[in-house]
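Student: If you scroll down you'll find the structure; I have some questions about it.
Protein chains: 4
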Amino acid sequence: MIVKMSRRATPEEVDAVEEKLHGWGYKTGKMIGEEITLIGVYGDISQLPNGEVQEMAGVEGLIPISRAYKRVAQKGGPGNLIHQTVHIGKVEVGGDDLAVIAGPCSVESEAQIMEAARFVKEAGAKALRGGVVKYRSSPYSGWEGIGSSSEEALRNGLKLIVKAGREFGLPTVVEVLDQNDVSIYEDMGVDCLQVGEPNSKNQALLNRLRETPLPVIHKRGNSLDIEAYLLWVERIMAGGKENVILCERGIVSSNKYTRNTLDLGGIAAFHYQLSCLPVAVDASHGTGIRDLVHPMTLAGIMAGASVILVETHPNPLIAKSDGFQGLFPEQFARLVAACQQVWELRQRIEPLYTPSAAWEQTYEARVNADKKRFFAGV
Amino acid sequence: MIVKMSRRATPEEVDAVEEKLHGWGYKTGKMIGEEITLIGVYGDISQLPNGEVQEMAGVEGLIPISRAYKRVAQKGGPGNLIHQTVHIGKVEVGGDDLAVIAGPCSVESEAQIMEAARFVKEAGAKALRGGVVKYRSSPYSGWEGIGSSSEEALRNGLKLIVKAGREFGLPTVVEVLDQNDVSIYEDMGVDCLQVGEPNSKNQALLNRLRETPLPVIHKRGNSLDIEAYLLWVERIMAGGKENVILCERGIVSSNKYTRNTLDLGGIAAFHYQLSCLPVAVDASHGTGIRDLVHPMTLAGIMAGASVILVETHPNPLIAKSDGFQGLFPEQFARLVAACQQVWELRQRIEPLYTPSAAWEQTYEARVNADKKRFFAGV
Amino acid sequence: MIVKMSRRATPEEVDAVEEKLHGWGYKTGKMIGEEITLIGVYGDISQLPNGEVQEMAGVEGLIPISRAYKRVAQKGGPGNLIHQTVHIGKVEVGGDDLAVIAGPCSVESEAQIMEAARFVKEAGAKALRGGVVKYRSSPYSGWEGIGSSSEEALRNGLKLIVKAGREFGLPTVVEVLDQNDVSIYEDMGVDCLQVGEPNSKNQALLNRLRETPLPVIHKRGNSLDIEAYLLWVERIMAGGKENVILCERGIVSSNKYTRNTLDLGGIAAFHYQLSCLPVAVDASHGTGIRDLVHPMTLAGIMAGASVILVETHPNPLIAKSDGFQGLFPEQFARLVAACQQVWELRQRIEPLYTPSAAWEQTYEARVNADKKRFFAGV
Amino acid sequence: MIVKMSRRATPEEVDAVEEKLHGWGYKTGKMIGEEITLIGVYGDISQLPNGEVQEMAGVEGLIPISRAYKRVAQKGGPGNLIHQTVHIGKVEVGGDDLAVIAGPCSVESEAQIMEAARFVKEAGAKALRGGVVKYRSSPYSGWEGIGSSSEEALRNGLKLIVKAGREFGLPTVVEVLDQNDVSIYEDMGVDCLQVGEPNSKNQALLNRLRETPLPVIHKRGNSLDIEAYLLWVERIMAGGKENVILCERGIVSSNKYTRNTLDLGGIAAFHYQLSCLPVAVDASHGTGIRDLVHPMTLAGIMAGASVILVETHPNPLIAKSDGFQGLFPEQFARLVAACQQVWELRQRIEPLYTPSAAWEQTYEARVNADKKRFFAGV
């Protein structure tokens, strides 16, 4: 963080700001220009009371430099990454095993979700997903999920998926749209909550989720920069909550062919640079095209994902929502087999990934000699 | 809407779908291809029960053609536009007069909001805005609004702005972030609710707003296509609510210089083509640069806005949030004077705007002759 | 510009860099951190030989701070803007009068361009536009412009538009796609060259245009940030050329309704903050919808444009390219009349635009007192 | 393609259009609506003379439906994809082997390019890349490539890289910015030409490349939709040229953390759905962050790339351009080893990828029964 003093700030005001910062335990450094003085603040500035600094005499503004997300952040350095695991029911996520979370876009009936649970389990999925209340871009779509009409309907819908999950030994992941429903989800035995893309910046919902003991999958909003997203995730964790999972599901761009632009560069940045949290890839929403789910899921693992979210349906041709991106059961089974192999390879070849930090010292030591070697006489 | 029948649909299934559609009062037309039959559905398809059609035997999917937002939509045709007005307190919006809604980003203290109300009234504003609970991209910003800590704080914060508004004869516009707070806002005497950009697709909040008698300003989400946004607005109105105001405040793009990309083309499309609702322009958030608010607000009026949202503060240099985009009081006063003149000019020159429909018949009648005239011997 | 020294840089290396900079006439300032030393470089860094600095011992990299476009840049300060004019033929652009440049997308035949010249002149246009070689997204469109097939065809096509322009006293503006054609355009008497959006970053073409005495309209690339675009424009001017006109014609975003997103905020930034050059608005390409050209052109003037580019055709229903966005002649005539009034109003109310610089000192002087006034006891 | 007849078209005019189409060998189908008649055109419409149709009496416009890129297009169907190979020198690309093309951003000196060629060859690269004339966003960067100042400099620069390539048995890939230089590149023995991102829509350059016997790598423009890009690629191939390679190197979005947004979904679409051409991934430009090149290159292979473009330098800390994204030699060597394993795995598990077409018939046959099974009594 840099504190920018105003052009009219007196030396006394500059001193007062530095003293205040020292009082909070920060080290500071000054750059005194002809017109403006800047005060650099060193240390964990995520806890700096910005508002209080800004109200001080002589202060013009604050310029953020380092990362303001502390709990989400990667604690280790390059070559020494530290990743934490999260549990969904008894399934460990972000650890040694890949976790495939699959199921239909919507829970449509008991028969449908039972059948879905059966075949995703058989294929090797670790958890069952299915929406009970659905976002719909149109209010007239005629289908907002089996649980959308009343609290009773919501409870009944959740009961169906939890029953299916338990029948087949799969913990359940269900999206929650309304902060008032969180306790109902907890009460009905759902194992993991999901924040959907449209709610990615819903401050009231994110604040409410600070208090749930359940793990949360927080999907990246489709207009959020990579780091801006992490700040919204930090909101859930700000009070100490730890069991959160990142998810990339596509951002907007000028593309028209795919439904969204799946930003695997974001996944690589999260996993290899910015965050300690497990990262999921959702290629179903990320492409919106059934036949691209397979290659893009595999690519997502290679980019750094350890969790796979994928939509599949006993018969996607009759799905009530998003059927065009749902996999046929056989496709899904083969995808899981492929994922497993890609995951194993990634673990095997990870020693080949050497971050620059490992080489920087060596090459920096050579810089001046190399400048001579390559540019002499040019 | 076009119903796409599957390649394997039988003639009987095609007939059954058409009969069902006729039963609901729709006319249909068929295009029988070598492989696929398409059924065109004519009429107001916003009321078509899509789900029921999709479940029918032989149906592969639905392809939307015409607009699915019915209440938001423009009811007249080109050259015969019909615009409805909305009341914020006693102030009519979307009618003969321009409505400037102004105030600080946040209500910070009684002294500050009183002073703000005084000077915006004096400058000619019609309503007072000010946030009591604020979105913050970082959970550690140390300031989430004067009303963020408890229900009591919320009530006290709302009391301050309502008091300031009443003192100076200004109805008040306040953003609501949580559906649970709507009745508190109503109770405390706020005159208009605002849905912020981060909540533009918050389905639970939008559903709740169907029931408030207060007018709602719904800000366009920064990743929403022009028409996709209108479908989210339609959600508030789906049950019959009519007093809703559109608002353009910037979308994401590859721009880095301005905070957002203010899409005035969206305003022109809303006002001159797609919607009967009043349209607001918010150049403060739309540019994020104090010195661009003036030209972009004026441009917004020329594009079709009849409501101006603008941030101003008794001293923006000490604003607790978004001070960099808040106008100095004198700047604001001059902006209002300029807006008024631009508004008057727009009304005077609107007869010069002639939509193509006025000329299409004439030119279509000439098409074949003109083809000869221009292309003969080329 | 800030020079970032490497962690291993010796004090001698730091000194050597500062000395070199001083030798070139720059002042410097240092910020010595625990790990890294930064050297601030003050002065006109657009002429700094970056490469030479980067090759010096101990230098890690350069961090740009101030604007690298020098000739494009606004030379005055806020409240004291300096704008330069450009001549297209005898028409002065960027001065007291609005300049409407109009005509068909393509020159299609002699009869068509003659008729176009006649009616745009009558309506009040100052210059005639028309493409002779056209970009086509598909190579099979069957129409790449009347001049696309050979040098002879090019000369004949240019002859038609120049003849039409001269007949009606209109200088001509024609897009050039190939650096090899520049001298042909000069030779045939075209009055102004246009760089189209697809060539906005075509380095070879831009370099070639440094040498033409003709004025150049350079259209902003649809993926370019506001300031990144100015750097590409600077390329044409780097050798001393001055007669260049900026043009905003739409950028990409997630919008689907309009063909492009017309970034009027860019126009406001160019005219009121960043550049001394005249700015054109092209709402025809910027919206791609005939009925939005009128409001968006007027909005463009209010945002800061002094040049209007607009497509119109004797009968747009039969235009060989982009007919959907071309105005009917009567629409065009009325648009010109409206533009004239908006332009006059803008000039009349410009004194109401007061940039922040005019108020900053006053409000900064009050900052500490206002902090007390508003935050006391909060 | 659909021909939209105007509302005033006579039956005779409709007939005339159909006859004309039949004369060219197309089949047609009509949908006669209450207001408008549409004529569907079946067959390879990439050869349809649009302009001629549009000039016919009664025709309002053409609505494209199927793909207009014919040579670029995938010729097989799902489950039966046909991919063609391209030769760079003696290296086959797009076939059984992965092709790594690597080298520095710029050729800086003979010593540097020799050293680069040595270590990329040793690591397993198949071809050598290096720029001799460089795009620079600023005209004052002081470095536009070793060959930028004159034809002689260009020839000398090309000589250096060709010499280095031959010394180590590597064919060379060099970017060409100016259509006038193509024959010089051919003359100097370059093995493959590259079209850079800024020239992706440079019509004059693309037209010129139709005539070179050399293979061309055409990089996708950063604002181009997936299919819009393929139409620009088609331009090079329109006359019969076949040896073209696609390349994804990042598009613009609202991301700020990565330099570009690498659209691997585009790669999956090209390889598995849309095109018969080999696809390259350039994660160096696609991320702009040295430490993300490794995971994103591997992800790119999994998404469908068979060609790897990667920047590496004997000492990236002193590279004259783009050093921040260039790999250290040791990093590069390990990346090649990892790529090889990922490539082998992809080939091994490709049988697990089953496109939907394989299942659609089966599931369509079940649709009506499944509708009963899942929705009965819901």
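Residue numbers (the numbering used here), protein chains in the order written: chain A, 7 to 384; chain B, 7 to 384; chain C, 7 to 384; chain D, 7 to 384.
We put the CB at the ideal spot given by N, CA and C, even for glycine.
1) Enumerated in chain order, which unbroken segments of the alpha helix (DSSP H) with a length of 4 residues or greater are wholly contained in the stretch 303-364 of chain A?
2) Of all Cβ atoms in chain C, is any one closer than 8 Å to the Cβ of MET120 (chain B)?
3) Name, please, each residue of chain B whose Cβ falls closer than 9 Å to the Cβ of VAL373 (chain C).
4) List the DSSP bridge partners of ILE295 (chain A).
5) For LEU220 (chain A), tell me which candidate among A:ASP328, A:PHE330, A:THR178, A:ALA170 has the shortest Cα-Cα distance.
6) Relative to the alpha-carbon of ILE94 (chain B), which residue among B:LEU333, B:TYR359, B:PRO284 has its alpha-carbon at the smallest distance?
7) Taking ARG135 (chain C) as part of the beta strand (DSSP E), name the residues at either end of that continuous run.
8) Could you please give me the residues that DSSP links to LYS10 (chain C) through a beta bridge?
9) On the DSSP letters alone, give me the boundaries of the beta strand (DSSP E) that LYS225 (chain C) sits inside.
10) I need the boundaries of the alpha helix (DSSP H) containing ILE273 (chain C), first residue and last residue.
11) Any C-beta of chain A within less than 7 Å: which residues of the stretch 67-94 of chain B qualify?
12) Less than 8 Å between the beta carbons of THR264 (chain C) and GLY294 (chain C), yes or no?
13) Is ASN261 (chain C) close to the ligand COA? I mean its beta-carbon at under 7 Å from any heavy atom of the ligand.
14) Counting C-beta neighbours from all protein chains within 10 Å, is the total for TRP30 (chain C) 16 or more, i.e. buried, or is it exposed?
15) How about ALA363 (chain D) and GLY85 (chain D): are their beta carbons less than 8 Å apart?
16) From the DSSP output, in three-state form, read off GLY163 (chain D) for me.
17) Just to confirm before moving on: does the CB-CB distance between GLN200 (chain D) and GLU181 (chain D) stay below 8 Å?
18) Would you mind stating whether LEU134 (chain D) and GLY109 (chain D) have Cβ atoms separated by less than 8 Å?
19) Taking Cβ-Cβ distances shorter than 9 Å, what residues in chain A pair up with ILE190 (chain D)?
20) Taking only beta-carbon positions, decide if ASP376 (chain D) is within less than 8 Å of chain A.
21) Relative to chain A, which residues along the stretch 254-282 of chain B have a C-beta separation below 7 Å, given in chain order?
22) Pairing CB atoms from the stretch 74-93 of chain C with CB atoms from the stretch 325-345 of chain D, are three or more of them under 8 Å?
23) Starting from the beta carbon of PRO55 (chain C), find every residue of chain B whose beta carbon is closer than 7 Å, and list them in chain order.
24) Since ASP231 (chain C) meets chain B, which of its residues come closer than 8 Å, beta carbon to beta carbon?
25) For ILE257 (chain C), which residues does DSSP report across the bridge?
26) For the stretch 274-292 of chain C and the stretch 314-328 of chain B, state whether three or more C-beta atom pairs, one from each stretch, are separated by less than 8 Å.
27) Quick one: what's got a C-beta closer than 7 Å to THR303 (chain D)'s C-beta in the same chain, skipping five residues either side?
28) Here's the rule I'm using: 16 or more other beta-carbon atoms within 10 Å means buried, otherwise exposed. How should ASP197 (chain C) be labelled?
29) Would a C-beta distance cut-off of 8 Å place ASP376 (chain D) and LYS262 (chain A) closer than the cut-off?
30) Taking only beta-carbon positions, decide if SER147 (chain A) is within less than 8 Å of chain B.
31) Return helix, strand or coil for ASP288 (chain C), following the three-state DSSP convention.
32) Please compile the residues from chain D whose C-beta is within a distance smaller than 8 Å of the C-beta of ALA63 (chain B).
33) Measure the alpha-carbon distance for PRO357 (chain C) versus LEU351 (chain C) and round it to whole angstroms.
34) Report the option in D:LYS378, D:GLU128, D:TYR235, D:VAL348 whose CA atom is closest to the CA atom of PRO320 (chain A).
35) With a threshold of 8 Å between beta carbons, is PHE338 (chain B) in contact with chain D?
36) I need the DSSP call for ALA15 (chain B), collapsed to helix, strand or coil.
Tutor: In short:
1) 335-355
2) no
3) ASN321, LEU323, ILE324
4) The beta-bridge partner set that DSSP reports for ILE295 (chain A) is empty.
5) A:THR178
6) When the alpha-carbon of ILE94 (chain B) is set against those of B:LEU333, B:TYR359, B:PRO284, the nearest one is in B:PRO284.
7) 133-135
8) C:LEU44, C:GLY67
9) Looking at the DSSP string, the run of the beta strand (DSSP E) that includes LYS225 (chain C) is 222-225.
10) 270-275
11) Answer in chain order: ALA74.
12) yes
13) The ligand COA is not part of the structure shown, which contains no ligands of any sort.
14) exposed
15) yes
16) Look at GLY163 (chain D) here: in three-state DSSP terms it is helix.
17) yes
18) yes
19) Taking a Cβ-Cβ threshold of 9 Å, none of the residues of chain A is close to ILE190 (chain D); the smallest such distance is about 21 Å.
20) yes
21) VAL258
22) no
23) Correct list: empty, because the minimum Cβ distance to chain B is about 26 Å.
24) Ordered by position in chain B, the residues that pass the 8 Å Cβ test against ASP231 (chain C) are SER260, ASN261, LYS262, TYR263.
25) C:THR267
26) no
27) Result list for THR303 (chain D): VAL287, ALA289, ILE314, VAL316, LEU341, CYS345, in chain order.
28) buried
29) no
30) yes
31) strand
32) VAL373, ASN374, LYS377
33) 11 Å
34) Closest by alpha carbon: D:LYS378.
35) no
36) coil
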